[in-house]
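Below: the structure, in structure tokens.
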Amino acid sequence: MLFPSEAELIRSTIIAQIEEIAAQQKKTLAPLTDNLRLLESGLDSLCIAVLVASLDDRLDLDPFGSDGLQHFPVTLGEFIKLYENARH
Amino acid sequence: MPATDHAMRNVVVTGGSRGLGLGIARSLANAGFQVIAVARGAGAFISTAQAEVAEAGKGALHFEPYDLSALDGIGDFVKHVSRKFGPLYGLVNNAAIGSAGLLSNMPNADIEKLIRLNVVSPITLTKYMVRSVMARGGAGGGRIVNISSVVSSTGYSGLSVYSATKSSLLGFTRSLAREVGPLGMTVNAVAPGFVETDMTHDLTPPQRKKIASRSALQRMAEVDDVAHAVAFLFSENAKNITGTVMTVDAGNTA
């Protein structure tokens, strides 16, 4: 179980990185809600790859690691949950 | 010169302790880059090259030991290098083994070892180097040069598996160039002909003569020729060159 502050840090870091990457790559973002499907967020696959690399650098977390995942998260909420669970 | 100079762009050169890799490392360092030569052991030549680079006073040449066949540790190794020297700008995938032998007689373990060291290791290392560039949002771009070989385009009996590994780097180069181009990164390959290195020391004098006589310039290419080609691909003059292969073989495949 994460302390609320840790979960908040992970969430705020992910949101901040998404906004920063979208600005760098000149992408228009949809409103960032938990139900937002990543494919409809405005980020393309390269942006998602940049996001994962950035989060590894800032949070020292890579849930996609060397063995990868069976299912890539579909929504932003699932993506954030994956990082929260990786901190356990 | 300080141990880490973050003002210089960092370039990792694998197999950089001797032969072609050392020549490339020295050339890039003399072009002003901070080069991190990676190999299992430092060998006998790196310290001399370091002294030459220090005397030239343009770049820097460091050595970091790593066995690239240890795939699981490559991600942590890249993080270690980034923390020690600063963000990575470039990578030269030069390390390779050149085991020769007829395919029909080659032990399966040797085939697997060749493919692991010549293909899987550089691809895995590139993955983490690209992530290092991505982690800073692609700011400043980056350069990758994969060392292929002319045997990827012309046949040479006894080098079928080696040729397969070197051909695979060309496909890797082209597709990765498209993947990371939007980040301002270039990815190219250099295909040397037979040059005088440890890898070609088994060639007999008649074989050398035959190779030279088949070349347009009637000679073999040298390590410095290849090193200068790599340095060019790292220069500002090559900023719009990506996804291609530069052959350096004195016209052997012309």
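First to last, the sequence lines map onto chains B and X.
Each residue of the first sequence is one higher than the last, beginning at 0 in numbering that gives the first Met the number 0.
Each residue of the second sequence is one higher than the last, beginning at 0 in numbering that gives the first Met the number 0.
Don't be surprised by glycine CBs; every beta carbon is placed ideally from N, CA and C.
Quiz item: Got a sec, what are the start and stop residues for the alpha helix (DSSP H) residue 200/X sits in?
Solution: Working through the second sequence from its first residue, we reach residue 200/X at position 201. Careful: residue 200/X lies outside any alpha helix (DSSP H) and carries neither H nor E.
Self-check item: Partner residues on chain X for residue 20/B, Cβ-Cβ distance less than 8 Å
Solution: Taking the first sequence and counting its residues from 1, one reaches residue 20/B at position 21. Here the neighbours are 136.
Exercise. For residue 0/X, count neighbouring C-beta atoms within 10 Å of its own C-beta (all shown protein chains included) and say buried if the count is 16 or more, exposed if not.
Key: Counted from its first residue, the second sequence places residue 0/X at position 1. For residue 0/X, the predicted structure reports a pLDDT of 40, less than 50, and the residue's modelled location is therefore unreliable. A value from the coordinates is still provided. Residue 0/X comes out exposed.
Quiz item: Should residue 23/B be flagged as near chain X, meaning a C-beta pair shorter than 7 Å?
Solution: Taking the first sequence and counting its residues from 1, the one referred to as residue 23/B is at position 24. It does; some Cβ of chain X falls within 7 Å.
Practice problem: Taking the CB atoms as reference points, tell me whether residue 145/X and residue 188/X lie closer together than 7 Å. | Solution: Your numbering for residue 145/X matches position 146 in the second sequence. Your numbering for residue 188/X matches position 189 in the second sequence. Yes, the pair counts as a contact, with Cβ atoms nearer than the cut-off.
Quiz item: Taking the alpha helix (DSSP H) that residue 89/X falls in, what are its first and last residues?
Solution: What you label residue 89/X is simply residue 90 of the second sequence in a count that begins at 1. Unbroken run through residue 89/X is the beta strand (DSSP E), 87 to 92; no alpha helix (DSSP H).
Quiz prompt | Beta-bridge pairing of residue 188/X - partner residues as DSSP gives them | solution = Along the second sequence, read from residue 1 onward, the residue named residue 188/X stands at position 189. In DSSP, residue 188/X forms a bridge with 145/X, 244/X.
Self-check item: Alpha carbon of residue 52/B to alpha carbon of residue 131/X, nearest angstrom
Solution: Position 53 of the first sequence, counted from the first residue, corresponds to residue 52/B. Position 132 of the second sequence, counted from the first residue, corresponds to residue 131/X. Each residue's Cα considered, the two are about 7 Å apart.
Quiz item: Does residue 133/X get closer than 7 Å to chain B when you measure Cβ to Cβ?
Solution: Mapped onto the second sequence, residue 133/X falls at position 134. Judged by the 7 Å Cβ criterion, residue 133/X is in contact with chain B.
Quiz item: Going by alpha carbons, who is nearest to residue 37/X out of 52/X, 47/X, 84/X, 14/X?
Solution: Residue mapping note: residue 37/X aligns to position 38 of the second sequence, counting from 1. Closest in alpha carbon position to residue 37/X, among 52/X, 47/X, 84/X, 14/X, is 14/X.
Practice problem: Let me know the secondary structure DSSP gives residue 2/X once reduced to three states. | Solution: One-based indexing of the second sequence puts residue 2/X at position 3. Here residue 2/X scores only 43 on pLDDT, less than 50, and its place in the model should not be relied on; the value that follows carries that caveat. Here residue 2/X sits in coil by DSSP.
Exercise. Please list the residues of the stretch 34 to 55 of chain X that have a C-beta atom closer than 7 Å to any C-beta atom in chain B, keeping them in chain order.
Key: none
Quiz item: Would residue 60/B be called buried (16 or more neighbouring beta carbons within 10 Å of its own) or exposed?
Solution: Stepping through the first sequence from its first residue, residue 60/B is reached at position 61. It counts as buried.
Practice problem: Could you pull out every residue in the same chain whose Cβ sits closer than 6 Å to the Cβ of residue 57/X, ignoring the five residues on either side in sequence? | Solution: Translated into positions along the second sequence, residue 57/X becomes position 58. Excluding residues within five positions, the ones whose Cβ falls inside 6 Å are 29, 31.
Quiz prompt | Residue nearest to residue 249/X in terms of C-alpha spacing, selected from 191/X, 78/X, 110/X | solution = For the purposes of this step, residue 249/X is identified with residue 250 of the second sequence, where counting begins at 1. The candidate whose alpha carbon is nearest that of residue 249/X is 191/X.
Exercise. Report yes if the C-beta distance between residue 19/X and residue 252/X is below 7 Å; otherwise report no.
Key: Locating residue 19/X in the second sequence gives position 20, counting from the first residue. Locating residue 252/X in the second sequence gives position 253, counting from the first residue. In this structure, residue 252/X does not lie closer than 7 Å to residue 19/X by Cβ.
Self-check item: Whole-angstrom C-beta distance between residue 244/X and residue 225/X, which should lie under 8 Å
Solution: As a first step, residue 225/X must be located in the second sequence, where it is residue number 226. As a first step, residue 244/X must be located in the second sequence, where it is residue number 245. The pair is not a contact, with the Cβ atoms about 13 Å apart (cut-off 8 Å).
Quiz item: When DSSP labels each residue in this structure, what does residue 70/B get in the three-state scheme?
Solution: Position 71 of the first sequence, counted from the first residue, corresponds to residue 70/B. Coil, per DSSP.
Quiz item: Closest to residue 100/X by CA distance: which of 155/X, 118/X, 207/X, 133/X is it?
Solution: Taking the second sequence and counting its residues from 1, one reaches residue 100/X at position 101. When only C-alpha atoms are compared, the closest one is 155/X.
Quiz item: Are the C-beta atoms of residue 130/X and some chain B residue less than 7 Å apart?
Solution: Residue mapping note: residue 130/X aligns to position 131 of the second sequence, counting from 1. Output row for residue 130/X: interface = yes.
Quiz item: Going by other Cβ atoms of all chains shown within 10 Å of its Cβ, with 16 needed for buried, is residue 217/X buried or exposed?
Solution: Locating residue 217/X in the second sequence gives position 218, where the first residue counts as 1. So residue 217/X counts as exposed.
Quiz item: In three-state DSSP terms, what is residue 10/B?
Solution: Here residue 10/B is taken as the residue at index 11 of the first sequence, counted from 1. Residue state, collapsed to three classes: helix.
Quiz item: Taking any Cβ of chain B, which residues in the stretch 178 to 189 of chain X have a Cβ under 9 Å from it, in chain order?
Solution: For the stretch 178 to 189 of chain X, which is checked against every Cβ of chain B, the residues closer than 9 Å are 178, 179, 181, 182.
Practice problem: Output the boundary residues of the alpha helix (DSSP H) element that contains residue 255/X. | Solution: Because chain X in this structure spans residues 0 to 253, residue 255/X falls outside the shown range and cannot be described.
Quiz item: Which stretch, first to last residue, makes up the beta strand (DSSP E) that contains residue 193/X?
Solution: To locate residue 193/X, count along the second sequence from 1; it is residue 194. For residue 193/X, there is no enclosing beta strand (DSSP E), since its DSSP letter is neither H nor E.
Practice problem: Give me whichever residues DSSP pairs with residue 9/X in a beta bridge. | Solution: Taking the first residue of the second sequence as 1, we reach residue 9/X at position 10. Per DSSP, 33/X, 87/X.
Practice problem: Counting only the same chain and skipping the five closest in sequence on each side, list residues whose C-beta sits under 6 Å from that of residue 77/B. | Solution: What you label residue 77/B is simply residue 78 of the first sequence in a count that begins at 1. Nothing listed; no residue qualifies.
Quiz item: Which value, in whole angstroms, describes the spacing of the CA atoms of residue 240/X and residue 185/X?
Solution: Here the question's residue 240/X lines up with position 241 in the second sequence. Here the question's residue 185/X lines up with position 186 in the second sequence. Rounded to whole angstroms, residue 240/X to residue 185/X spans 7 Å at the Cα level.
Quiz prompt | Endpoints, beta strand (DSSP E) assigned at residue 64/X | solution = In the second sequence, the residue the question calls residue 64/X occupies position 65. Taken as a continuous stretch (DSSP letters only), the beta strand (DSSP E) holding residue 64/X covers 59 to 64.
Self-check item: residue 40/B versus residue 53/X: straight-line alpha-carbon distance, rounded
Solution: On the first sequence, residue 40/B is found 41 positions in, with the first residue counted as 1. On the second sequence, residue 53/X is found 54 positions in, with the first residue counted as 1. Answer to the nearest angstrom: the Cα atoms are 50 Å apart.
Quiz item: Exposed or buried, which one is residue 84/B when buried takes at least 16 other CB atoms within 10 Å?
Solution: Position 85 of the first sequence, counted from the first residue, corresponds to residue 84/B. Exposed, because fewer than 16 other Cβ atoms sit within 10 Å of the Cβ of residue 84/B.
Quiz item: Starting from residue 112/X and walking both ways along the alpha helix (DSSP H), at which residues does that stretch end?
Solution: Position 113 of the second sequence, counted from the first residue, corresponds to residue 112/X. 107 to 114 is the span of the alpha helix (DSSP H), which, as asked, contains residue 112/X.
Exercise. Flag this pair as touching only if the stretch 63 to 71 of chain X and the stretch 37 to 47 of chain X have three or more C-beta atom pairs under 8 Å; answer yes or no.
Key: A contact exists between the stretch 63 to 71 of chain X and the stretch 37 to 47 of chain X.
Quiz item: What residue from 183/X, 176/X, 193/X, 139/X has the CA that sits closest to residue 158/X's CA?
Solution: Reading the second sequence from its first residue, position 159 is the one you call residue 158/X. A check of alpha carbon separations from residue 158/X across 183/X, 176/X, 193/X, 139/X identifies 193/X as the nearest.
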